[in-house]
């Protein structure tokens, strides 16, 4: 479940997705615009720190010779995407730690299912072919989000497009699947520019918090006691069958059975 949620996170969820791409001169266009964005962010860090760029990436960064503005677009897009994945991952970790999800089932959800283990170990136990399908699905979503298939109106975030924008999925022939991942049923009300701007700030702030939260959960699971507030919470929830299950494995090794089964990188 967590892996699927992570895959869906790549499609985006917030004000970035529903709107058409706009010029980077409006969204992100150099250091001055970044300073304005930082000062306009009403969260605690935005008010107390403002524009913080110790590595000078905003003023001097030039990735792959694309130029500073393209580098800023890339970094902004990367932060938004990582925040979305972290929000979904945090929720997935919490859900997969619940007994109703991680406990015994009348029908095992997959071959080799082991009940009452940590979310990381659940991933370890998933068959290689299932992992492969999940990774392929993520790759397809990622490719489309990078402009594969030339979605109508799409402008890449390093070429003036809006960082974080994910184009609606739409086929070019009759009978093709069409899906707006932000509003699949077309029921959400139209937002004003001010509401969209607030939605962008909320998403970035929540994404930053989720990145800290997810790594805190993973740290506490791998090294119990590493995050004192979570340790206290875990001690309170443990009598109720809840809490953070310890994990002493290696998540990266969870990919090993994919490489072995499909003879990847073997000579």
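Residue numbers (mature numbering (1 follows the signal peptide of the UniProt record, and there is no 0)): -15 to -1, 1 to 252.
Just so you know, even glycine gets a beta-carbon here, dropped at the ideal spot from N, CA and C.
Query                                                                                                              : Result
Residue 95 classed as buried or exposed, judged by whether at least 16 other C-beta atoms fall within 10 angstroms : exposed
Alpha helix (DSSP H) runs contained entirely in the region 145 to 225, provided each spans 4 or more residues      : 178 to 207, 213 to 222
Extent of the continuous alpha helix (DSSP H) run through residue 238                                              : Premise fails: residue 238 is in no alpha helix (DSSP H) and is neither H nor E.
DSSP-derived helix/strand/coil call for residue 34                                                                 : coil
Residue 232 vs residue 81 beta-carbon contact at 8 Å                                                               : no
Proximity to residue 101 [Cα-Cα], best of 23, 89, 110, 43                                                          : 89
Same chain, Cβ closer than 8 Å to residue 205, neighbours up to 5 away in sequence not counted                     : 211, 212, 215, 216, 219, 229
Reduced DSSP secondary structure (H/G/I, E/B, other) of residue 110                                                : helix
Meets three-Cβ-pair contact criterion under 8 Å: the region 113 to 130 and the region 36 to 51                     : no
DSSP-derived helix/strand/coil call for residue 92                                                                 : coil
Identity of the residue in 21, 191, 74, 173 nearest residue 199 by Cα                                              : 74
Contact check, residue 72 vs residue 191, beta carbons under 8 Å                                                   : yes
Check whether residue 176 and residue 184 have beta carbons under 8 Å apart                                        : yes
Proximity of residue 149 and residue 62 at Cβ, strictly below 8 Å                                                  : yes
With 16 other Cβ atoms within 10 Å as the buried cut-off, status of residue 109                                    : buried
Close beta carbons around residue 132, own chain, < 6 Å, minus the five adjacent residues each side                : 139, 141
Straight-line Cα distance separating residue 118 from residue 254                                                  : Nothing about residue 254 can be reported from this structure: the residues present for the chain run from -15 to 252 only.
Residue burial classification, residue 35 (beta-carbon count within 10 angstroms, cutoff 16)                       : exposed
Residues near residue 196 in its chain [Cβ-Cβ closer than 7 Å; skip 5 each side]                                   : 67, 68, 71
Endpoints, alpha helix (DSSP H) assigned at residue 132                                                            : Where residue 132 is concerned, there is no enclosing alpha helix (DSSP H), given that its DSSP letter is neither H nor E.
Own chain, CB closer than 7 Å to residue 234, minus 5 neighbours either side, in chain order                       : 105, 106, 109
Residue 166 beta carbon less than 8 Å from that of residue 154                                                     : yes
Whole-angstrom C-beta distance between residue 188 and residue 65, which should lie under 8 Å                      : 7 Å
Supposed contact pair residue 51 and residue 143 - C-beta distance, whole angstroms, cut 8 Å                       : 6 Å
Sequence-distant residues of its chain with Cβ nearer than 6 Å to residue 236 (five each side left out)            : 105
Rounded separation between residue 21 and residue 92 - CA only                                                     : 54 Å
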